[in-house]
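Note that numbering that gives the first Met the number 0 has the sequence shown beginning at 0, numbered continuously upward.
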Amino acid sequence: MNVRQEKKRKKTLTKKQVKRILLILEQFHEEEKRSDGVHWRSCAIRPAWYWMIVVNTLRFTGMRLNQLLHLRLRDVNLDERWIDLCSEGSKTHHEWRIPMVSHLVPGMRHLIDEAMKRGAGPEDYLFHYHRYVALMSEAPFVTGLPELQPVKGFFRRLTKECGFPVSPHRFWHTLASTLMSAPERNLYMVKTMLGHRNVSTTLEYVEIDLKGTARVLEKELAELTDVF
């Protein structure tokens, strides 16, 4: 006999948890500025300004970690506010363009400026952690695909600081669920934004609004309930 497995709820972050994450990163950033960068290289959350941009990029774009690491300077258009996601970093092996919200633009501009100061060109990877912690004289020699270890270390430390699990995938699930719970949601728009091949995948992020459903039932079934 086949037993149908119950669909697990997506692991998302609440608004309160997101605020907690941003507050902690801001605190590290302020400490970093006061210490003028002294002794911060041993901390996985340093440089805090860089990780703040990483977190904001993940939570505002819905891109996966592998797509973030494959992002090159040429893939970001600050004037027209879009980002090209390449096929190499895509789970579905195709590329598409996503919009960049205004809140993300200043951070992305700062990151690109810092990358260029350190000798990066259009073809270089934008989110290469070692470029931003290396000495200015060594930064131009930072090449190759960014390593996963600094990202893993960052999220491990951030999870410890927050007291709840934080991961790139949770930001992905959170954005998907937020878009699909919006009253004015557009299924095709969300499907395109997240890079899903099938609508059924996008629909997995639909969760029933119990209170809203109850209101509809009360209204639509009012005549029937009056019978009893």
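C-beta atoms are modelled at their ideal positions from N, C-alpha and C, and glycine is treated no differently.
**Asked** Starting from Asp112 and walking both ways along the alpha helix (DSSP H), at which residues does that stretch end?
**Response** In the sequence shown, residue 112 corresponds to position 113, counting from 1. Here the alpha helix (DSSP H) through Asp112 covers 104 to 116.
**Prompt:** Are three or more beta carbon pairs between the region 106 to 124 and the region 20 to 35 nearer than 8 Å?
**Reply:** Counting Cβ pairs under 8 Å, fewer than three are found: no touch.
**Prompt:** Taking Met69 as the reference, which of Ile52, Glu87, Val53 has the closest Cα?
**Reply:** Residue mapping note: residue 69 aligns to position 70 of the sequence shown, counting from 1. It should be noted that the sequence gives His, not Met, for residue 69. Comparing Cα-Cα distances from His69 to each of Ile52, Glu87, Val53, the minimum goes to Glu87.
**Request:** Assign Asp78 to one of two classes, buried (16 or more other C-beta atoms within 10 Å of its C-beta) or exposed (fewer than that).
**Result:** If you number the sequence shown from 1, residue 78 lands on position 79. Result: exposed.
**Request:** Could you spell out where the beta strand (DSSP E) holding Leu84 opens and where it closes?
**Result:** Indexing the sequence shown from 1 puts residue 84 at position 85. Unbroken beta strand (DSSP E) run through Leu84: 81 to 84.
**Prompt:** By how many angstroms is the C-alpha of Pro98 removed from the C-alpha of Phe126?
**Reply:** Here residue 126 refers to the residue found at position 127 of the sequence shown. Here residue 98 refers to the residue found at position 99 of the sequence shown. The C-alpha of Pro98 is placed about 18 Å away from the C-alpha of Phe126.
**Message:** Quick test of your reading: Lys9 and Ser176, contact by CB under 8 Å. State the CB separation rounded to the nearest angstrom.
**Reply:** Along the sequence shown, one-based indexing puts residue 9 at 10. Along the sequence shown, one-based indexing puts residue 176 at 177. Contact between Lys9 and Ser176 is confirmed by a C-beta separation of about 6 Å, below the 8 Å threshold.
**Request:** Kindly indicate which three-state DSSP category Arg58 falls into: helix, strand or coil?
**Result:** The residue you call residue 58 lines up with position 59 of the sequence shown. In the structure shown, Arg58 sits in a helix (DSSP, three-state: H, G or I).
**Asked** For Pro149, which residues of its own chain have a beta-carbon under 7 Å away from its beta-carbon, when the five flanking residues on both sides are left out?
**Response** As a working note, residue 149 is residue 150 in the sequence shown. Closer than 7 Å at Cβ, skipping near neighbours: Tyr128.
**Message:** On the CB-based measure, 16 or more other CB atoms within 10 Å of its CB, does Asp123 come out buried or exposed?
**Reply:** Locating residue 123 in the sequence shown gives position 124, counting from the first residue. Its Cβ being crowded by 16 or more others within 10 Å, Asp123 is buried.
**Message:** Taking the alpha carbon of Arg229 as the reference point, which residue from Val189, Phe140, Asp112, His172 has its own alpha carbon closest?
**Reply:** Nothing about residue 229 can be read from this structure; the chain reaches only from 0 to 227.
**Request:** Determine the direct distance from the alpha carbon of Trp95 to that of Leu24, and round the result to whole angstroms.
**Result:** Translated into the one-based positions of the sequence shown, residue 24 becomes position 25. Translated into the one-based positions of the sequence shown, residue 95 becomes position 96. Separation of Leu24 and Trp95 (C-alpha to C-alpha, rounded to the nearest whole angstrom) is 30 Å.
**Prompt:** If you count every other CB in all the chains shown that lies within 10 Å of the CB of Gly143, and 16 or more means buried, which is it?
**Reply:** Indexing the sequence shown from 1 puts residue 143 at position 144. Exposed, since its Cβ has fewer than 16 Cβ neighbours within 10 Å.
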